[in-house]
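Asker: Below are the C-alpha cells for one structure; questions will follow.
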Amino acid sequence: MEKKTKVNAEDGKQEITITREFDLPLELLFKAHTEPEIVAQWMGTKVIKLENKKHGSYQFETTDPRGNKHGFNGTIHEFVPDQKITRTFEMENTPFPVQLEFLEFEQLTDESSKLTMHIVYRSVAHRDQILQMPFAQGINMAHNRLQDIADKLK
Amino acid sequence: MNLRRDVFQAIADPTRRAILMLVASQSMTAGAIASNFDTARPTVSKHLQILTECELLEQNQNGREIYYLINAKKMKAIADFIEPFRRLWDDRFNKLEEVMKKHKTNK
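Note that the protein sequences, when read in sequence, are chains A and B.
Just so we're aligned, residue 257 is where the first sequence starts under our numbering, counting upward by one.
Just so we're aligned, residue 886 is where the second sequence starts under our numbering, counting upward by one.
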C-alpha cells in the first residue's frame with residue numbers, strides 16, 4: 257500500500273516537511289484544524305484554548321497512559337481560511353525549544369485536498385532529537401512489554 | 886539514547902558518509918580508505934574510529950591487516966528511524982479523515 261503521509265527530512269537540515277492527501281473537501285480539512293472539539297478528537301488531546309486569528313494563541317493538554325499531563329502551546333502568526341496557518345509550537349516542561357510551523361492547505365478536486373506542514377526547528381540536533389522521539393518511545397515500549405512478560409514468567 | 890545520538894552525529898559528517906559509501910561495496914583497510922581522500926591520514930583514522938565506536942563499521946582482522954566493513958543491521962536501523970515519526974502523523978491524519986467523514990454525513 258502506498259504511504260499516504262510522507263515525511264521529508266533531509267540530512268543536516270533543521271527542517272522537515274510532512275505532506276498528506278485527504279479524501280476530504282478542502283473546507284473540511286481546514287475545519288479539522290479550527291474547531292476545538294474536532295482537533296481534540298483526532299489529536300487525542302484536550303483543547304484548552306484555540307484562537308483562530310493573527311496574534312491568537314492555543315493551548316492543549318494531553319494525559320498520557322500513566323496519567324501524567326503534558327502541556328502544549330503556541331501563537332498564531334497567520335490565519336487565512338482554507339489556505340494557511342502559520343504558528344509556533346512548544347512542548348511545555350521539556351528542554352525542547354519552540355518550533356515554527358507553516359501549514360498550507362490546497363484543494364485537489366472537489367472531494368480531495370492536500371496538507372503541507374513545513375516545520376523549522378532551532379537546530380539540526382533538535383530536529384533529529386524530535387524525529388527520534390517516537391522511535392525511542394517505540395524501543396522503550398517494546399522493552400517494557402518484554403519486561404512485563406519476563407515478570408510474569410518469574 | 887546517547888548512543889543513538891552519536892550515530893546521527895556520525896552520519897551528519899560528509900566525509901564519514903563518503904567512507905560508509907566506499908566501504909559499502911567491499912571491505913577495505915584504513916590505508917585503502919585514506920587513499921580515496923585528500924584529507925590527512927590521521928583525520929581519516931579519527932573518522933574510522935568514530936564510525937567503529939557507533940557500530941556503523943566493523944573491524945575484521947585478516948593476518949596483520951585490519952579490514953573495515955559496514956554493519957548493515959545498524960545502517961538499516963538508521964534508514965528506518967524516521968518511520969515511527971511518520972506513522973505517528975499517519976495515524977493522526979487517518980483519524981482526522983475518519984472524524985471529518987462522519988462529521989460530513991452528520992451535517
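Even glycine gets a Cβ: it sits at the ideal position worked out from N, Cα and C.
#1: Quick check on the DSSP output: what are the complete beta strand (DSSP E) runs of length 3 or more inside the region 308–349 of chain A, in order along the chain?
#2: Among A:380, A:370, A:374, which has the Cα closest to the Cα of residue 981 of chain B?
#3: First and last residue of the beta strand (DSSP E) that includes residue 372 of chain A?
#4: Check whether the region 381–390 of chain A and the region 902–915 of chain B are in contact - that is, three or more C-beta pairs closer than 8 Å.
#5: Along chain B, in chain order, which residues have C-beta atoms closer than 9 Å to that of residue 278 of chain A?
#6: Under 7 Å between beta-carbons, which chain A residues line up against residue 967 of chain B? List them in chain order, please.
#7: Could you tell me which residues DSSP puts in a beta bridge with residue 954 of chain B?
#8: In chain B, which residues lie with their C-beta within 8 Å of the C-beta of residue 284 of chain A?
#9: Check residue 355 of chain A in the structure and name its three-state DSSP category.
#10: Do you know whose CA, among A:343, A:367, A:363, A:348, lies nearest residue 311 of chain A's CA?
#11: Is the CB of residue 905 of chain B under 8 Å away from at least one CB in chain A?
#12: Please name the residue, chosen from B:923, B:985, B:901, that lies closest to residue 287 of chain A on a Cα-to-Cα basis.
#13: How would you call residue 929 of chain B, buried or exposed, if buried means at least 16 neighbouring beta carbons within 10 angstroms?
#14: Roughly how many angstroms lie between the CA atoms of residue 284 of chain A and residue 367 of chain A, to the nearest whole one?
#15: Any idea if residue 355 of chain A is buried or exposed, counting beta-carbon neighbours within 10 angstroms, 16 or more meaning buried?
#16: Since residue 973 of chain B meets chain A, which of its residues come closer than 7 Å, beta carbon to beta carbon?
#17: Write down the C-beta distance between residue 314 of chain A and residue 305 of chain A rounded to the nearest angstrom, noting that I regard them as a contact closer than 8 Å.
#18: In terms of DSSP beta bridges, what is residue 278 of chain A paired with?
#19: How big is the Cα-Cα spacing for residue 987 of chain B and residue 365 of chain A?
#20: Relative to the C-alpha of residue 320 of chain A, which residue among A:375, A:281, A:302 is closest?
#21: What residues of chain B sit near residue 260 of chain A, judged by a beta carbon separation below 8 Å?
#22: Would DSSP call residue 266 of chain A helix, strand or coil?
#23: Please classify residue 378 of chain A: is it buried, with 16 or more other beta-carbons within 10 angstroms of its beta-carbon, or exposed?
#24: Any heavy atom of the ligand ADP inside 7 Å of the beta-carbon of residue 279 of chain A?
Answerer: On the basis of the coordinates in this document:
#1: 313–319, 325–336, 340–347
#2: A:370
#3: 368–376
#4: no
#5: 978, 981, 982, 985
#6: Result: 263, 265, 387.
#7: Looking at the DSSP output, residue 954 of chain B shares a beta bridge with B:943.
#8: 985, 988, 989
#9: Here residue 355 of chain A carries a strand assignment [DSSP, helix/strand/coil].
#10: A:343
#11: no
#12: B:985
#13: Under the 10 Å beta carbon count, residue 929 of chain B is surrounded by 16 or more other beta carbons and is classified as buried.
#14: 10 Å
#15: Buried: at least 16 other Cβ atoms inside 10 Å.
#16: 390
#17: 6 Å
#18: A:369, per the DSSP bridge assignment.
#19: 20 Å
#20: A:302
#21: 975, 978, 979
#22: coil
#23: exposed
#24: The ligand ADP is not part of the structure shown, which contains no ligands of any sort.
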